[in-house]
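Let me begin by presenting the structure, written as structure tokens, before commenting on it.
Residue numbers (our numbering): 43 to 163.
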């Protein structure tokens, strides 16, 4: 099959290796080690509520508060909560049209004020 639904070469080579080695199933083998607990639903909810209470928290502070790694916090914020940092504040990446217009007007006012110079009244 050709296109987006086709298998990658690496997957085909991996399957070939498995079958050559005597495996008869495409199912993954049981792996040792503990399951990831840092990106579960409970942790994501905890991070979401902490951010709602203080959007200026740093990733380091969040990691210490929730007791998970910096990388896991970053993944939760970007992948699960779809947030990014703007001017030291975490904000949703997707804004509705009204929010986008408000943000653009505010930015334009700040830009204009900065380039106008000091207000001597």
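Glycine included, every Cβ here is placed at the ideal spot set by N, Cα and C.
Q: Could you please give the first and the last residue of the uninterrupted alpha helix (DSSP H) stretch that includes residue 52?
A: Taking the first residue of the chain shown as position 1, residue 52 is located at position 10. 51 to 62 is the extent of the alpha helix (DSSP H) around residue 52.
Q) Using DSSP with H/G/I as helix, E/B as strand and the rest coil, what is residue 142? A) The residue given as residue 142 occupies position 100 in the chain shown. Note: residue 142 maps to helix in three-state DSSP.
Q. For residue 124, which of helix, strand or coil comes out of DSSP?
A. Start at 1 with the first residue of the chain shown, and residue 124 comes out as number 82. Coil, per DSSP.
Q) With a CB to CB cut of under 8 Å and the five nearest residues on each side skipped, what residues in its chain are close to residue 107? A) Within the chain shown, residue 107 is the residue found at index 65, counting from 1. Cβ contact annotation for residue 107 (same chain, cutoff 8 Å, sequence separation greater than five): 92 and 99, in chain order.
Q | Cα-Cα separation between residue 143 and residue 80, rounded to whole angstroms | A | Taking the first residue of the chain shown as position 1, residue 143 is located at position 101. Taking the first residue of the chain shown as position 1, residue 80 is located at position 38. Going by C-alpha positions, residue 143 is about 36 Å away from residue 80.
Q. DSSP on residue 94, reduced to helix/strand/coil?
A. Translated into positions along the chain shown, residue 94 becomes position 52. In the structure shown, residue 94 sits in a helix (DSSP, three-state: H, G or I).
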